[in-house]
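The structure appears below as structure tokens.
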Amino acid sequence: MSTAGKVLSVVIALFSIVWMILAAGVAQLNTNANTVVHELQTQVEKLAGDLDQAKDDVIHLQDETASMQEKVDRGLMVLRAKQNDLEKARSEILETLTRTQYQMAILEDTIKSSQTTLANRDEELAAEKKSLAEARSEVQTLIAKTSEMMNELGSLREKFQTTYASSLDLLGGKQ
């Protein structure tokens, strides 16, 4: 049940009680009035004083009714003020909840994009490691080939030096 429904239920209950009291008062007043009329027919002089008392009672009941109505009105105003305060608090809570849900959605999107970026970075790192491993393997192969070629170059130089020296000796001996 909404807050307005609860408040209206309380107000209806209060008014029901007030109307029951007023109905009882009216019923009592009718009973007294009938008794007074009957007694007036028999004792006109005696009831003149009672008539004044009945008027005072009516005025007193009217005062009580007005007082009760003021109390009910004050209570109703208090209930409306409390209802307004509760609705204001509810609105603030809903606003905070909406704001928090929006921030949560943004955070979830950020987390998802970060996870995607991390996965991409991991793939790039794996590719770079593979490429680096291939490059290192190629460097090792080239170092081995270079070493072989340097050894071959060294032996070719020695051969050349030997051939050159023997060629010089042959040329030197012919002259």
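Just so you know, we're using this note's numbering here: the sequence shown kicks off at 9 and counts up by one.
From the three backbone atoms N, C-alpha and C, an ideal C-beta is built for every residue, glycine too.
Own chain residues within Cβ distance below 6 Å of residue i, not counting five before or after
| i | result |
| --- | --- |
| ALA12 | none |
| THR170 | none |
Residues of its chain near residue i, where Cβ-Cβ distance is below 7 Å and the 5 sequence neighbours each way are ignored
| i | result |
| --- | --- |
| VAL26 | MET76, VAL80 |
heavy atom of the ligand ATP below 7 Å from residue i C-beta
| i | result |
| --- | --- |
| THR73 | As for the ligand ATP, it is missing from this structure, which has no ligand bound. |
Presumed contact (8 Å Cβ cut-off) between residue i and residue j, rounded CB distance
| i | j | result |
| --- | --- | --- |
| VAL44 | ALA32 | With a Cβ gap of about 18 Å, VAL44 and ALA32 do not count as contacting. |
| THR73 | LEU22 | That pair is no contact at about 14 Å. |
Q. If we count Cβ pairs, one from each stretch, closer than 8 Å, do we get three or more for the segment 15-29 versus the segment 80-89?
A. Output reads yes: the segment 80-89 touches the segment 15-29.
Q | Validate contact between the segment 27-40 and the segment 62-73 using beta carbons, cut 8 Å, 3 pairs | A | Short answer: they touch.
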